[in-house]
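**Student:** Okay, here's the structure, questions in a sec.
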Amino acid sequence: MLFSRSSRFTIPAFTLTACFSAPIFANPNQESIDIFAIPSNEIVNVVEDTSQNLNSYGMKSFYDQGKPTHITLYLTSFPKQAEAEIKSIIEKLATTHQAFPITANGATVTNDHWAFINVDDSTELQRLADEVTLAVAPLRDTSAAIPDWAKSYPNKEQAFIRYGSPNVFQNFEPHLTLLAQETNPKLSEFAEKLQQQPPYAQGKIVGIGIGIADQWGQQKKILAEYLFQSWYIPAQQ
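Just so we're aligned: the sequence shown equals residues -26 to -1, 1 to 211 in mature numbering (1 follows the signal peptide of the UniProt record, and there is no 0).
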């Protein structure tokens, strides 16, 4: 249904900016599209609370900049004319899923100044990411260049060659991005606080969205969002 809506681990810093930022394209006929999981309010609330803590250190999270809270499932370059087919595929795929539980658990602040709330991987979340990848990867821009950093990791390089993203299947690392390449020196103080009081919330994945992504992998424009049928409550007549 289409609708509108206004245990801790550390990922190596050298992969984060390359892995989770979107490619920038000179070709006006290509665009970076992110297919993402939509979390329930419990997960959004922990992002909001953590963002408020960031504010107290003088930093503004993507959430506070108005970016939708999301978990990227598949992010790559597509021809612009593929939008309609991507929407059709994802709408159909959403009808085959029901809401399932997820856990936001701890945080990562990297040496290159990205900050994330970690999301525990699960069979259901991994399956959803895999299904999305297999469904839309054939529509991707196959001329996109392999990121330089990925060439140092054979499994990621092969994933990009085969599927257009280095972060799929065994390389899938779910997360909620708070900041990217933050310049505020107080980020290290915030990181210490996160170690003492790590964010934690249990919630659900309630749907799938599609958006045009900026250079940080955040949504510049939402193209569509589809709630799982088990989560959709029709309006009273």
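By construction, the Cβ of each residue, glycine as well, lies at the ideal position given by its N, Cα and C atoms. Since the model is a prediction, treat every value here as computed from it, not as a measurement.
Could you pull out every unbroken alpha helix (DSSP H) segment of at least 4 residues lying fully inside the segment 8 to 85, listed in chain order?
**Tutor:** Entirely contained in the segment 8 to 85, the alpha helix (DSSP H) runs reaching 4 residues are, in chain order, 15 to 30, 57 to 68.
**Student:** Flag this pair as touching only if the segment 78 to 86 and the segment 102 to 120 have three or more C-beta atom pairs under 8 Å; answer yes or no.
**Tutor:** Not touching, per the Cβ criterion.
**Student:** Could you tell me the alpha carbon to alpha carbon distance between S30 and L161, rounded to whole angstroms?
**Tutor:** For S30 and L161, the distance between alpha carbons rounds to 11 Å.
**Student:** Thinking just about the alpha-carbon of each residue, which of F202, L113, S96, N145 is nearest to the one in P128?
**Tutor:** Residue N145 is the option with its Cα nearest to P128.
**Student:** Measuring straight from C-alpha to C-alpha, what distance separates Q72 and I60?
**Tutor:** Using only the alpha carbons, I get a separation of about 20 Å.
**Student:** Within 10 angstroms of the Cβ of K125, are there 16 or more other Cβ atoms? Answer buried if so, exposed if not.
**Tutor:** K125 should be labelled exposed.
**Student:** Taking N129 as part of the beta strand (DSSP E), name the residues at either end of that continuous run.
**Tutor:** Here N129 belongs to no beta strand (DSSP E); instead the alpha helix (DSSP H) covers 128 to 137.
**Student:** Whose CA, out of E131, I186, N19, lies closest to the CA of K178?
**Tutor:** Of E131, I186, N19, the residue nearest in Cα terms is N19.
**Student:** In this structure, does DSSP put Q203 in helix, strand or coil?
**Tutor:** Note: Q203 maps to coil in three-state DSSP.
**Student:** Compute the beta-carbon to beta-carbon distance between S6 and I186, rounded to the nearest angstrom, for a pair I have assumed lies under 8 Å.
**Tutor:** Confirmed, about 7 Å.
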